Amino acid sequence: MNPTNPRIAILGSGNIGLSLAKGLVKAGMAEPARITLTRRNTAALAPLAAAGYATTSNNLGAVQGADIVVLAVLPQQLNKLLDEIAPAFQHAQPLLISVVSGVSCADIRRHLQQPARVVRAMPNTAIAIGQSMTCVATDEAPEEDLDLVERLFDTVGVSIRINEELMTSATALCACGIAFFLRAIRAASQGGTEIGFHAHDALKMAAQTAKGAADLLLQLASHPEQEIDKVTSPKGCTIAGLNEMEHQGFSSAMIKGIKVSADKAGKLYHEG
Ligand SMILES: NC(=O)C1=CN([C@@H]2O[C@H](COP(=O)(O)OP(=O)(O)OC[C@H]3O[C@@H](n4cnc5c(N)ncnc54)[C@H](O)[C@@H]3O)[C@@H](O)[C@H]2O)C=CC1
Ligand SMILES: O=C(O)[C@@H]1CCC=N1
Numbered sequence: 003m004n005p006t007n008p009r010i011a012i013l014g015s016g017n018i019g020l021s022l023a024k025g026l027v028k029a030g031m032a033e034p035a036r037i038t039l040t041r042r043n044t045a046a047l048a049p050l051a052a053a054g055y056a057t058t059s060n061n062l063g064a065v066q067g068a069d070i071v072v073l074a075v076l077p078q079q080l081n082k083l084l085d086e087i088a089p090a091f092q093h094a095q096p097l098l099i100s101v102v103s104g105v106s107c108a109d110i111r112r113h114l115q116q117p118a119r120v121v122r123a124m125p126n127t128a129i130a131i132g133q134s135m136t137c138v139a140t141d142e143a144p145e146e147d148l149d150l151v152e153r154l155f156d157t158v159g160v161s162i163r164i165n166e167e168l169m170t171s172a173t174a175l176c177a178c179g180i181a182f183f184l185r186a187i188r189a190a191s192q193g194g195t196e197i198g199f200h201a202h203d204a205l206k207m208a209a210q211t212a213k214g215a216a217d218l219l220l221q222l223a224s225h226p227e228q229e230i231d232k233v234t235s236p237k238g239c240t241i242a243g244l245n246e247m248e249h250q251g252f253s254s255a256m257i258k259g260i261k262v263s264a265d266k267a268g269k270l271y272h273e274g
């Protein structure tokens, strides 16, 4: 494999597969021509083909030419895909990166019936703009494979290594989490409109405020309550609003939603 310019096959070019491809190209990690995108209906990939990506519905062919193979189909679509590509592993050992939720490295090897090198990665859709929080894990892939996957995902955001048992939790907190925070921003903008701002202004104001809050934590390595204490003037309007939100179950709703998502993520493959 050429470590600086690997040939990458992304099997299942839907939301996350395409976000990953675009993120890698934007980061200068790969040229479109070095990335093969597969999908059953290749017509849906026409704009990507026009942008220089290789596109095909032939998963086996895509794997045969690749150094890195990304599995990006739904959990319930995975076994059929693995059946298609299994013959390629008799002749070569490309690195398999699975972003599929709820499927372990051992599940993948068991279905392939091959001792494949498998690393799991759990990115989120902000990968398209180089802002993903990506968790990576493996059970028995060599250290250099894990290193390579971390470096790959570091070019499109921030990656951390976790134990594989925590991958379903990472799915809920980070991959689903993007949607949870987007909903929170949307709710804030709806509140903003009710108190006087046009919808597009309210959304911009809410989004930039959320970005500032996240950056306070990341750039200052601070704790949320430390930063909240700086906002809440005694007898002020912030603490009044904050306490009302807590009376209405704001933190509780987020915690419970994350727990439900984690539980569901663990059942996606085995229970459908
Ligand atoms: N959407 C997200 O934010 C994230 C999704 N994931 C995981 O990534 C996987 C894909 O999720 P999405 O992108 O949301 O789903 P999606 O439905 O948008 O994408 C899956 C794609 O795979 C294609 N496909 C299905 N069977 C195929 C086959 N045999 N050969 C080639 N293409 C095939 C489908 O046509 C579709 O375009 C899931 O396992 C999900 O759990 C992980 C992290 C984040
Ligand atoms: O909703 C889902 O099941 C996938 C996994 C994480 C984000 N999207």
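Residues in the sequence shown are numbered from 3 upward in steps of one, following our numbering. Don't be surprised by glycine CBs; every beta carbon is placed ideally from N, CA and C. From a predicted model like this one, the values you see are computed outputs, not experimental measurements.
Sequence-distant residues of its chain with Cβ nearer than 8 Å to residue i (five each side left out)
i	result
residue 147	97, 119, 121 and 140
residue 260	174, 175, 178, 179 and 182
residue 219	225, 226 and 229
residue 138	121, 122, 123, 124, 148, 151, 152, 155, 161, 162, 163 and 164
residue 83	13, 14, 61, 73 and 75
residue 36	7, 8, 9 and 10
residue 142	107
Contact check, residue i vs residue j, beta carbons under 8 Å
i	j	result
residue 152	residue 163	yes
residue 212	residue 182	no
residue 76	residue 100	no
residue 177	residue 256	no
residue 64	residue 38	yes
residue 8	residue 110	no
residue 22	residue 129	yes
residue 264	residue 171	yes
residue 10	residue 40	no
residue 136	residue 18	no
residue 104	residue 267	yes
Contacts around residue i, its chain only, beta-carbon distance under 7 Å, and the 5 residues preceding and following it disregarded
i	result
residue 28	132
residue 53	34
residue 194	204, 207 and 208
residue 240	233 and 234
residue 89	62
Span separating the alpha-carbon of residue i from that of residue j
i	j	result
residue 91	residue 180	35 Å
residue 156	residue 150	10 Å
residue 62	residue 269	28 Å
residue 186	residue 250	14 Å
residue 112	residue 49	36 Å
residue 25	residue 158	6 Å
residue 271	residue 235	49 Å
residue 169	residue 198	42 Å
residue 192	residue 252	16 Å
residue 42	residue 80	13 Å
residue 20	residue 78	19 Å
residue 66	residue 166	27 Å
residue 95	residue 116	10 Å
residue 237	residue 32	55 Å
residue 214	residue 221	10 Å
residue 200	residue 59	45 Å
residue 246	residue 210	23 Å
residue 55	residue 30	14 Å
residue 114	residue 93	13 Å
residue 223	residue 262	29 Å
residue 190	residue 85	46 Å
residue 46	residue 102	21 Å
residue 188	residue 258	19 Å
Collapsed DSSP secondary structure at residue i in the structure displayed
i	result
residue 239	helix
residue 76	coil
residue 197	coil
residue 180	helix
residue 171	helix
residue 9	coil
residue 139	strand
residue 230	helix
residue 262	helix
residue 160	strand
residue 134	strand
Cutoff 6 Å; reference residue i; Cβ partners in own chain excluding five residues on either side
i	result
residue 51	57
residue 134	125, 126, 128, 158 and 159
residue 196	none
Using the beta carbon as the reference atom, which residues fall closer than 6 Å to any heavy atom of ligand 3, ordered along the chain?
-> This structure simply doesn't include ligand 3; it includes ligand 1 and ligand 2 instead.
With a floor of 3 residues, list each beta strand (DSSP E) that falls wholly inside the region 39-127, ordered by position along the chain.
-> 56-58, 70-73, 97-100 and 120-124
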